Amino acid sequence: MINITLAKAIDEYIDALGDHFGYSKISWLCLIQEFSIAQDFITKNTSADMTQHAQLSNQKDKERVGFPLKGYSLELGHL
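Going by the numbering used here, the sequence shown wraps up at 821, each residue one higher than the last.
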């Protein structure tokens, strides 16, 4: 449950923004909600894309250097 003082402060802030930029409170609330939804969408997709990119990058690096090296160990040389 939101603190009533905080809710009142947010309400007054949104009113002040509306007065300054000429938007109604409803417009600001819609804008804030859309921004929040967009931010969640970007965060989720960016996180998934970064994970997938890292996995593909690691796989490509391994293929480029020839891992797994058959008959070789990094510590012992040729087995």
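Every residue gets a Cβ at the ideal spot worked out from N, C-alpha and C, and that includes glycine. The structure presented is a predicted model; accordingly, all values stated were derived computationally and were not measured.
How should residue i be labelled, buried or exposed, when 16 other C-beta atoms within 10 angstroms of its C-beta is the threshold for buried?
{"i": "I784", "result": "exposed"}
Using CA atoms only, rank isn't needed, just tell me which of the options is closest to residue i.
{"i": "L771", "options": "I756, Q781, M792", "result": "I756"}
Within its chain, find whatever has a CB closer than 8 Å to the CB of residue i; leave out the 5 residues flanking it on each side and keep chain order.
{"i": "Y765", "result": "L759, L773"}
| Hey, which unbroken runs of the alpha helix (DSSP H) at 4 residues or more fall wholly within the region 758 to 799? | Within the region 758 to 799, no complete alpha helix (DSSP H) run reaches 4 residues.
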